[in-house]
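> Attaching a single structure in structure tokens format; questions to follow.
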Amino acid sequence: MKAAVHTQFGAPHVLRIEQVAQPVAGPGQILVQVHASPVTQGDRRLRAADFPGLTKVVGRLMFGLRRPKYPIPGTNFAGRVVAVGEGVTRFAVGDDVFGGCDHSAQAEYLAVAEQGPVAKIPAGVEYAEAAAVPYGAVTALMFLRDVARVQPGERVLIIGASGGVGRFAVQIARHLGAHVTGVCSGRNVAMVTELGAHEVIDHAASDYLQNGQTYDVIFDTNAGDRFRASRRSLTPNGRYVTVYLNLLVMFQMLATAVLGGRKVSSSVAIGTQELTHDVAELLAAGVIWPVVTPAYPFARIVDAHRALETDKPAGTVVVAITDAVRASASHDERAVVRMRRTA
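Sequential numbering from 1 applies to the sequence shown in full-length UniProt numbering.
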């Protein structure tokens with residue numbers, strides 16, 4: 001089978017398409033013909049060995065000290081089940097599925113555990129759309145519902161509202177009944193409004209943490225630790241929730257847990273079967289929907305990875321692994337497909 005491969009860490013140019021052995025479905029596994037795979041910030045970090053904060057040492061131990069332990073990149077996918085291993089009961093040959101994995105999704109075939117973060121693609125959702133969902137939606141749902149525990153009527157500020165996690169955070173926070181304010185660049189204000197934000201702030205035009213507004217939850221989807229700057233923008237019992245876990249954030253979590261009042265929370269986003277199933281239900285109901293740029297053909301995998309780093313795309317960058325997904329011949333970074341909703 002064809003697969004994207006990198007035998008060293010580095011910039012997008014380290015990737016190339018090669019013929020490799022096709023995996024088989026072992027006991028408890030399903031074999032998926034991958035039709036689409038997104039390029040996420042997580043994929044970029046794994047390819048470049050750019051592990052932030054506390055994950056730097058652990059990341060190297062898990063994914064390779066000098067060379068990639070897993071040479072095929074890709075941590076999210078959408079495709080069709082073509083074989084099942086012994087004992088599989090949740091899926092059957094012919095099922096369309098999407099989900100996450102530790103590695104190797106940017107290849108024509110992928111073997112994954114049926115009990116892992118995999119779910120059936122809801123009816124009417126295309127492969128490119130489904131592939132763009134797990135990374136951002138699972139993270140946003142976990143942090144807002146399970147970590148921040150957003151309640152109806154609360155005011156939520158989302159920093160990085162136009163990013164891969166932020167786009168889903170806007171939709172999920174609104175679904176949870178919150179009043180949502182998104183922070184993004186000026187060029188993405190209209191998109192974040194379309195996604196459901198009640199208010200949108202252009203971060204270049206206003207100091208959103210010094211404007212006198214207060215929030216019950218500030219969800220920081222960017223790699224930052226802005227708790228000190230955010231204190232005055234939090235209600236007395238407000239929560240600052242960040243996806244960036246480092247020593248300072250850990251200290252702040254411990255200190256605020258002891259002192260009471262405003263709190264700092266964080267976690268490591270790990271996709272689970274339950275979270276992926278919940279995301280699939282939200283997708284089926286039309287509560288969430290991805291924003292996707294025109295798909296790159298598999299042969300242009302390097303360009304797809306480069307686009308994530310240099311173009312600042314307003315939607316998820318998706319790679320068409322097979323002809324089941326229509327790939328675009330040109331890629332204007334402003335050409336974003338806002339996919340239809342099912343409801």
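By construction, the Cβ of each residue, glycine as well, lies at the ideal position given by its N, Cα and C atoms.
Here the structure is a predicted model, which means the values were calculated and not measured.
1) To the nearest angstrom, how far is it from the Cα of Leu248 to the Cα of Asp216?
2) At the level of alpha carbons, what is the spacing between Glu274 and Val112?
3) Are the segment 36-55 and the segment 305-318 touching by the rule of at least three beta carbon pairs closer than 8 Å?
4) With three or more C-beta pairs closer than 8 Å as the rule, is the segment 127-136 touching the segment 317-326?
5) Starting from the Cα of Thr272, find the closest Cα among Ala4, Ala3, Gly99 and give me that residue.
6) Select from Ala314, Pro73, Glu114 the residue whose C-alpha is nearest the C-alpha of Val81.
7) Just list the residues that DSSP pairs Gly100 with in beta bridges.
8) For Ala4, does the count of other Cβ atoms within 10 angstroms reach 16, so buried, or fall short, so exposed?
9) Skipping 5 residues on each side, what residues in its chain have a beta carbon closer than 8 Å to that of Pro71?
10) Is Gly260 buried or exposed, if buried means 16 or more other CB atoms sit within 10 Å of its CB?
11) Output needed for Ser230: all residues of its chain with C-beta closer than 6 Å, excluding positions within five of it in sequence on either side, in chain order.
12) Suppose you measure from the CA of Thr214 to the CA of Val150; what does that come to, to the nearest Å?
13) Considering Phe219, what are the terminal residues of the beta strand (DSSP E) in which it resides?
14) In three-state terms, what does DSSP make of Val192?
15) Run through the DSSP bridge pairs and tell me what Thr316 is partnered with.
16) State the DSSP-derived secondary structure class of Ile172, mapped to helix, strand or coil.
17) Decide if the segment 149-165 is in contact with the segment 174-184; the criterion is three or more beta carbon pairs, one per stretch, under 8 Å apart.
18) So, is Val258 buried or exposed, given that buried needs 16 or more other C-beta atoms within 10 angstroms?
Short version:
1) 22 Å
2) 16 Å
3) yes
4) yes
5) Gly99
6) Glu114
7) Asn76
8) buried
9) Val5, His6, Thr7
10) exposed
11) Leu209, Ile218, Tyr240
12) 15 Å
13) 215-220
14) helix
15) Val292
16) helix
17) yes
18) exposed
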